[in-house]
Each structure stands twice: as C-alpha cells, then as structure tokens.
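Beneath this line is the structure, given in structure tokens, with notes to follow.
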Amino acid sequence: MTQLLTGKVVLVTGASRGIGRGIAVLFARHGANVAFTYLSSVEKGLELENELKAFGVNAKGYRSDAADFKAADELVTAVVADFGTIDILINNAGITRDTLLMRMSEQQWDEVINANLKSVFNLTKAVQRPMLKQRSGSIINMSSVVGVKGNAGQANYAASKAGIIGFSKSVALELGSRNIRCNVIAPGFIETEMTGALDQKVVEQWREGIPLKRGGSPEDVANACLFLASDLSGYITGQVLNVCGGMLT
Ligand code: NAP
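157 is the number that numbering that gives the first Met the number 0 gives to position 158 of the sequence shown; each next residue is one higher, with no gaps.
See below:
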C-alpha cells in the first residue's frame, strides 16, 4: 500500500470513538504519527494509543477539553514537545444537545457553541505557531451538512457547524500565502455512537432518502480527510467537501 502521510504529525481532536477514531487509525496506516485527544473516555484513549503504535508510528492520547482556550494552547505546546511539530490539525471533536428552539436553554446553546465552534478557534489559533514556523500545514475542520442546510431541532448545532465554514474560509484566506491550507468536511449521516442513540425507524428512513442508499462510515469520512491532509490536495484550500452519499445535492 502506498503511504500518503509518512512521517507527518497529525493532531486529531475527539478520537476516542466514532469518526475521530476512524481518522486516527487510517492516518496511522498511512504512516502518520498521531497525537489525539478525548474528553472523558480514558480507557478507550489508551486502547487506541496501543492500536496505533502497532502500525509502527508514534502515537499519544491526551485528555484535553477542546472548548477550553488555555487547555488547547497547552495541548499544542505538549504535542510539539512530544512530536517535534504539527503538520495536520483535524478539528473533529463535537457534541449535540438537540431540542426545538422553544425548549432550548442557554446552557444547551453555550455547550454546543463552545465544544463545536470555539474549540476550532482555540486549536487553529494554537497550531498557527508551528505551522507558520515550518511554512506548511493542512487544517481540516469537521462541519456537517446540517451547517449548510439547517435542521429543525438543531439550531445550536447547525449554527456551530455553519460558523466553522465561515471561520475556515477566512483562515484559508489569511494563511494561504504561508502555504497553510484550511478546508472543511461536511459529513451527512455517518453511523457512529452519536447516531446510535436515534430511533431505528428514523434511521431506516434516512438511509432510504440517501441517493447511495446507506449511511456513511467513519472510514468514508477518514478517506476524505486523508485526501485533504495529503499533498494530493496541495492546490485546494477554503473549500467545503460534502461527504454525504449525495444527500445534499
Ligand atoms: P462521537 O462518536 O460522539 O465522538 C465524539 C468525540 O469527540 C469523542 O471522542 C469525544 O470524547 C470527543 N469530544 C467531545 N467533546 C469534546 C471536547 N470538548 N474536547 C475534546 N474531545 C471532545 O461523534 P462522531 O459521530 O464521531 O462525530 C465526530 C464529528 O463529526 C463531530 O464534530 C460531529 O459533529 C461531526 N459529524 C458527525 C456526523 C454523524 O452523522 N455522526 C455527521 C456530521 C458531522 P469522549 O469520548 O471522551 O467524550
């Protein structure tokens, strides 16, 4: 297998499960050294660290709250100390607190905006330092098709995911001259623990409504990340790639 990321250092937030985990595993298979974070899943973090090391790469999990500005800055300092630099940042950590606007509390709004949007600001700002120094980098931010088209019952989540798109396009414009690229992935319906809690009848209806007639897998999203992280996408920045089986067409 041709490895696309040999020797590169990636930082992935929220990789203890779901899409983030899929990204960490695929990137290790492609020769990247993987630094990753989680919030509460300590056991799963340790398991993943060992699984990644089995690919012969350097790997380390950090317990770090992406929503915390100071913690994000300290995390990047620690990763640079442990790995030497950061070539690729994937802002994947995210949460949902779904409810209709009528019932949505200030806390539900703030939690989602902080975990999904402020986190992207925190980590992107912190990785600027090593990326500017080496005059290269690829930043990939995880939005959602919901951030592009909206969704009833997810006003907080959709706002956070739409915010990521405006933020990423601005960063692409600011940092392009330094050879730092910034792109967005907007997954559709990806079957993970986040979606496992949903009513199975609803899930079946969603699958039927997707042109490719299935939910996506974490690997489907990880493959798109691999493209945007690698030199294959060297002339692509400021773009939103929908990974949604044709759902948003
Ligand atoms: P998931 O299975 O719920 O996993 C979320 C991950 O984020 C976990 O590793 C969790 O760590 C971590 N996390 C949550 N808050 C964090 C914080 N404040 N700091 C650090 N880590 C934090 O979610 P997923 O389905 O894989 O989704 C991953 C991303 O894709 C999210 O941004 C989500 O919005 C987006 N997305 C998902 C779908 C989908 O259909 N699944 C669709 C569109 C977009 P712990 O395990 O420690 O809690």
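C-beta: ideal position from N, C-alpha, C; glycine also.
None of these values were measured; they are calculated from a predicted model.
Check this for me: beta carbons of L225 and L4, under 9 angstroms apart or not? Position 226 of the sequence shown holds residue 225. Position 5 of the sequence shown holds residue 4. Closer than 9 angstroms, so yes.
Are K212 and R206 close, meaning C-beta to C-beta below 9 angstroms? Residue mapping note: residue 212 aligns to position 213 of the sequence shown, counting from 1. Residue mapping note: residue 206 aligns to position 207 of the sequence shown, counting from 1. In contact: K212 and R206 (Cβ atoms closer than 9 angstroms).
Does the beta-carbon distance from L88 to L10 come in below 9 angstroms? Numbered from its first residue, the sequence shown carries residue 88 at position 89. Numbered from its first residue, the sequence shown carries residue 10 at position 11. Closer than 9 angstroms, so yes.
Beta-carbon proximity of M141 to V56, cut-off 9 angstroms: If you number the sequence shown from 1, residue 141 lands on position 142. If you number the sequence shown from 1, residue 56 lands on position 57. No; because the gap between Cβ atoms is not below 9 angstroms, this pair is not in contact.
Kindly examine the ligand NAP and report whether one of its heavy atoms sits closer than 8 angstroms to the Cβ of K160. As a first step, residue 160 is located in the sequence shown; it is residue number 161 there, counting from the start. Yes; taking the cut-off as 8 angstroms, the Cβ of K160 has a heavy atom of the ligand NAP nearer than that.
Segment contact flag, the segment 225 to 245 with the segment 169 to 176, C-beta cutoff 8 angstroms, min 3 pairs: yes
Is it the case that the Cβ atoms of G93 and A114 are separated by a distance below 9 angstroms? For this step, residue 93 is matched to residue 94 along the sequence shown. For this step, residue 114 is matched to residue 115 along the sequence shown. Cβ distance < 9 angstroms, so G93 and A114 count as in contact.
Just to confirm my understanding: we take A58, look at its own chain, exclude 5 residues before and 5 after, and list those with CB closer than 6 angstroms. What are they? As a working note, residue 58 is residue 59 in the sequence shown. Cβ neighbours of A58 beyond the five flanking positions: V33, E48, L51 and K52.
Proximal residues to V145 (C-beta, below 8 angstroms), its chain only, five neighbours per side dropped: Translated into the one-based positions of the sequence shown, residue 145 becomes position 146. So the qualifying residues of the chain are Q153, Y156, A157 and K160.
What did DSSP end up calling P186 once you bin it into helix, strand or coil? To locate residue 186, count along the sequence shown from 1; it is residue 187. Strand, per DSSP.
In the DSSP output, which residue or residues are listed as bridge partners for L240? For the purposes of this step, residue 240 is taken as the residue at position 241 of the sequence shown. I184.
So does D64 have its beta carbon nearer than 8 angstroms to some heavy atom of the ligand NAP? Residue 64 sits at position 65 when you count from the first residue of the sequence shown. Yes, the beta carbon of D64 sits closer than 8 angstroms to at least one heavy atom of the ligand NAP.
Flag this pair as yes or no: are the beta carbons of P301 and I18 separated by less than 9 angstroms? Since the first residue of the chain shown is 0 and the last is 248, residue 301 is not available in this structure.
Rounded C-alpha distance that separates R96 from N90: Against the sequence shown, residue 96 aligns to sequence position 97. Against the sequence shown, residue 90 aligns to sequence position 91. The alpha-carbon atoms of R96 and N90 are separated by roughly 19 angstroms.
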